[in-house]
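Chemist: Dropping the structure in here first, questions after.
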Amino acid sequence: MPEEPVAPPEGGGTPIVVEEPPPSSGPEVSPGPVEPPPPAEDPTPPVEQPPAEPPPPTAEPTVGPWPDEALVNYSSRYGLGASIQGVAVDDAYNIWLLDGDRIGVLRPGDSAPRWTSGVGQAAGGFGPDRLALDSSVICGGSAGRAYVGYLTYELDTAFIYSPDGSDFPNYDNPDPTRFDSVKYKEYLKGDMDVVKLETDGRVVLEEHLGRSARSNGPRDIGIRNTNDHHFDEDRSVFTCVKVMRGQHRGDIYIGTNHGVTRIRGLEYNSHRHPVWFKPKPDGGQTQMAGYTYGLGIAQNGDVLIGNDWNLGVVTPSVALADWDRTNDTLNPEKLNSYLPELNSLEDKDFWRSLQQTTDGSYYAASKDFGLWKFTIARRSEAHGTKVTGLPTDALTSLAATDDGSLFIGTRGFGLWKLDAQKQLTHVDGVDGVSVTQLVYDPTVKPAMLYVLTNAGLTVLRGN
């Protein structure tokens, strides 16, 4: 799984996979083994867990606690402001807001959100010498719970020695002098906090996510590879999506600087990703995964993945412990491919969002190349057709709704809708010109579409 180092995000630019390690943004640390091959199998036999109990049956949707109006500007009505960077909803319909080091919660019945600053990774402020460079995303969880993602810099090598100093791949040659306590603390940077809502409206840290779904090293050092805890490959969180219905309702998926991590409650499994392999001059290959910004859930519960180069479709395993295993009986991979109609394999497509509409059509949105409808020819082959009619190719997010529509977020031209008859129109009444996030909640009726823009939050109902 280790690949060429990835440059840290800077400003609004797009992170890239580079051929040589970037200058370190963090403290001076002694590197471990460089570019080791992925373990052929788990270093220790995993302790298998029984499949999780299925979620309780979904009740018939009700109108829920929020206004039953076709369009409401929540920023205006509830005083949310315009600087929100992320929005989420939990199972109790609390609306969670993220703004830098602040987390806000708008509870049903409240007239304004309550904000809490400095929770978890944000407690000491942001910077290269802190636990995070910045916050990134927020996802709703069970009632009163949310997940907050953070950014940090890349390591020159993702391998970190444990205190006994044993070496990859067999870990049978302990040497404590190899251990570096400074680098060991790198495990804790970035990643994801689980936060909870107190009865008085305050937000507190429940736990910094660190419990791997398989028995694999310590459980208090943040996200690291589930198949080998010595590798800290997933460090920055760029996107998250919550499964709103179906067999895996309540699961959370996050897109990182390396792949897709799956979360259930306080446990995670890290990771898997669509990849391609770049030949090296010496005859070897470099695994190219890129950054995962595009995530979606298909109509049947499949996980839709888009990174810098490739598109992926995976049917998730029943057991969380099996998510990272590339085994077709556990996690059938339906697609791992680029779109030849757009670019060559080596050229980046910059996928930002994926969705499947109710008619079974797959769509992918690029930050530079517009909206593409794609089909799966076979596991390693996809083909695409560009959807014309949008005023820009700079897209940010997609949301497929139960009426057969696809909502499309743009940079600079607001929100658009491709209806079930494939007619494309601009959605009027939404403040702001740049859509930063779309969250669709079908568990209420009429369903709610949260539209976050540069001007704040608007909610549409009835799609």
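Each residue of the sequence shown is one higher than the last, beginning at 12 in this note's numbering. Idealized CB from N, CA, C, for every residue including glycine.
#1: Mind reading off the beta-carbon distance from Ser86 to Gly467? Whole number of angstroms is fine, and I expect it under 8 Å.
#2: Helix, strand or coil for Asp209, going by three-state DSSP, please let me know.
#3: Taking the DSSP output, what are the residues bridged to Trp383?
#4: Whole angstroms is fine: what's the gap from Val446's alpha carbon to Gly295's?
#5: Between His259 and the rest of its own chain, which residues show a CB-CB distance below 7 Å, the 5 nearest in sequence each way excluded?
#6: Write down every uninterrupted run of the beta strand (DSSP E) in the stretch 425 to 450 whose length is 3 residues or greater and which is fully enclosed by it, in chain order.
#7: Considering only the alpha carbon of each residue, which of Phe137, Glu244 and His219 lies closest to Asp167?
#8: Out of curiosity, what's the CA-to-CA distance linking Thr403 and Trp362?
#9: At which residues does the beta strand (DSSP E) containing Lys345 begin and terminate?
#10: Just mark Ala70 as buried or exposed, buried being the case when its beta carbon has 16 or more other beta carbons within 10 Å.
#11: Return yes when the Cβ of Arg141 is within less than 8 Å of the Cβ of Thr128, no when it is not.
#12: Let me confirm a value: Ala169 is counted as buried when at least 16 other C-beta atoms fall within 10 Å, else exposed. Which label applies?
#13: What are the partner residues of Pro290, as DSSP defines its beta bridges?
#14: With a CB to CB cut of under 6 Å and the five nearest residues on each side skipped, what residues in its chain are close to Asp102?
#15: Please determine, among Cys251, Leu435, Gly257 and Trp427, the residue with the shortest C-alpha to C-alpha distance to Thr267.
#16: I believe Asn318 touches Ala300 by the beta-carbon criterion, under 8 Å. Please report the beta-carbon distance rounded to the nearest angstrom.
#17: Counting only the same chain and skipping the five closest in sequence on each side, list residues whose C-beta sits under 6 Å from that of Pro119.
#18: Under three-state DSSP, which class holds Leu142?
#19: Tell me whether Ala157 is buried or exposed, calling it buried when 16 or more other Cβ atoms sit within 10 Å of its Cβ.
#20: Distance check for Gly176 and Val286, CA to CA, integer angstroms please.
#21: Using the three-state DSSP reduction, which class does Lys196 fall into: helix, strand or coil?
#22: Could you tell me which of Ile95, Arg88 and His219 sits nearest to Asn465, measuring between CA atoms?
#23: Between which two residues does the alpha helix (DSSP H) containing Ser247 stretch?
#24: Apart from the five residues on each side of it in sequence, which residues of its chain come closer than 8 Å, Cβ to Cβ, to Pro47?
#25: Just verifying my parser: in three-state terms, what is the DSSP assignment at Ala332?
#26: What's the call for Asp202, buried or exposed, on a 16-neighbour Cβ count within 10 Å?
#27: Looking at Leu435: is its Cβ nearer than 8 Å to the Cβ of Leu449?
#28: List the whole-angstrom C-beta distance separating Lys200 from Arg230, where the pair is believed to meet the contact cut-off of C-beta under 8 Å.
Modeler: Inspection of the coordinates gives the following:
#1: Contact between Ser86 and Gly467 holds: their C-beta atoms lie close to 3 Å from each other, under 8 Å.
#2: The sequence given here places Glu at residue 209; Asp does not occur at that position. Looking at Glu209 - three-state DSSP - the assignment turns out to be coil, as it is neither helix nor strand.
#3: Ala375 and Lys397, per the DSSP bridge assignment.
#4: Going from the Cα of Val446 to the Cα of Gly295 covers about 42 Å.
#5: If we look at His259 and ignore the five residues flanking it on each side, its Cβ neighbours are Gly312 and Pro327.
#6: Fully enclosed beta strand (DSSP E) runs of 3 or longer: 426 to 429 and 435 to 437.
#7: Taking each of Phe137, Glu244 and His219 in turn and checking the Cα distance to Asp167, the smallest one comes out for Glu244.
#8: Between the C-alpha atoms of Thr403 and Trp362 there is a straight-line separation of about 15 Å.
#9: Note, Lys345: beta strand (DSSP E), Glu344 to Ser348.
#10: Flag for Ala70 reads exposed.
#11: Note that residue 128 corresponds to Ser in the displayed sequence, not to Thr. One thing to note: Ser128 has its Cβ no nearer than 8 Å to the Cβ of Arg141.
#12: Answer is buried; the Cβ neighbour count reaches 16.
#13: In DSSP, Pro290 forms a bridge with Gln296.
#14: For Asp102, where only same-chain residues beyond five positions count, the Cβ hits under 6 Å are Ser153 and Ala154.
#15: The candidate whose alpha carbon is nearest that of Thr267 is Cys251.
#16: In this structure Asn318 is in contact with Ala300, their Cβ atoms being roughly 6 Å apart against a cut-off of 8 Å.
#17: The beta carbon of Pro119 lies closer than 6 Å to those of Pro76 and Tyr104 in the same chain, with the five residues before and after it left out.
#18: The answer is coil: DSSP assigns Leu142 none of H, G, I, E or B.
#19: Buried, since its Cβ has 16 or more Cβ neighbours within 10 Å.
#20: For Val286 and Gly176, the distance between alpha carbons rounds to 31 Å.
#21: Three-state DSSP puts Lys196 in a helix.
#22: Closest by C-alpha distance to Asn465, out of Ile95, Arg88 and His219, is Ile95.
#23: Run containing Ser247: none; DSSP gives neither H nor E here.
#24: Residue placement at Pro47 is flagged as unreliable, the pLDDT there being 40, under the threshold of 50; a coordinate-derived value is accordingly withheld.
#25: Three-state DSSP puts Ala332 in a helix.
#26: Looking at its Cβ environment, which holds 16 or more other Cβ atoms inside 10 Å, Asp202 is buried.
#27: At a Cβ-Cβ threshold of 8 Å, Leu435 and Leu449 do not count as neighbours.
#28: That pair is no contact at about 17 Å.
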